[in-house]
Amino acid sequence: MSDLTAPRKRSVTIAGHATSVSMEDAFWRRLGHFAGERDQSVNSLVAEIDRTRTTNLSSAVRVWVLEQCARRAGLDPAT
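Residue numbering for the sequence shown follows this note's numbering, starting at 87 and increasing by one per position.
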């Protein structure tokens with residue numbers, strides 16, 4: 087089993103352009119899970135997150151994953 091705290095850099099394509107995103111494996115796994123539930127690829131989910139971000143892409147994806155987990159736990163992601 088891999089170290090879920092180890093950062094991993096992966097290449098994603100957004101609007102036809104390749105870019106890299108560096109996040110801990112725990113975030114990559116959860117992002118992949120959410121993408122699968124939505125019947126979309128990780129690339130398309132990251133592109134969706136990219137359209138509304140106001141910070142760097144890695145941080146935006148981490149926050150999106152955290153907010154999804156908070157919602158599922160019945161927590162208000164805004165607090």
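Think of the CB as a built atom: it goes at the ideal place given N, C-alpha and C, for glycine as much as any other residue.
Below 8 Å CB to CB, which residues in the same chain sit around residue i once its five sequence neighbours on both sides are set aside?
i           : result
residue 104 : 97 and 98
residue 140 : 146
residue 94  : 108, 109, 110, 111 and 114
residue 167 : Because residue 167 is not part of the residues shown, which for the chain are 87 to 165, the question remains open.
residue 116 : 151, 154 and 155
Name the DSSP beta bridge partners of residue i, please?
i           : result
residue 110 : 93
residue 159 : BP columns for residue 159 are empty, so no partner.
residue 103 : 100
Take the Cβ of residue i as the centre, count every other Cβ of all protein chains shown within 10 Å, and call the residue buried at 16 or more, exposed below.
i           : result
residue 90  : exposed
residue 161 : exposed
Where residue i and residue j are concerned, what is the direct C-alpha to C-alpha distance, given to the nearest angstrom?
i           : j           : result
residue 138 : residue 148 : 14 Å
residue 127 : residue 118 : 8 Å
residue 106 : residue 159 : 30 Å
Task: In chain order, each beta strand (DSSP E) run of at least 3 residues that lies wholly inside the stretch 111-135 - done: The stretch 111-135 contains no whole beta strand (DSSP E) run of 3 or more residues.
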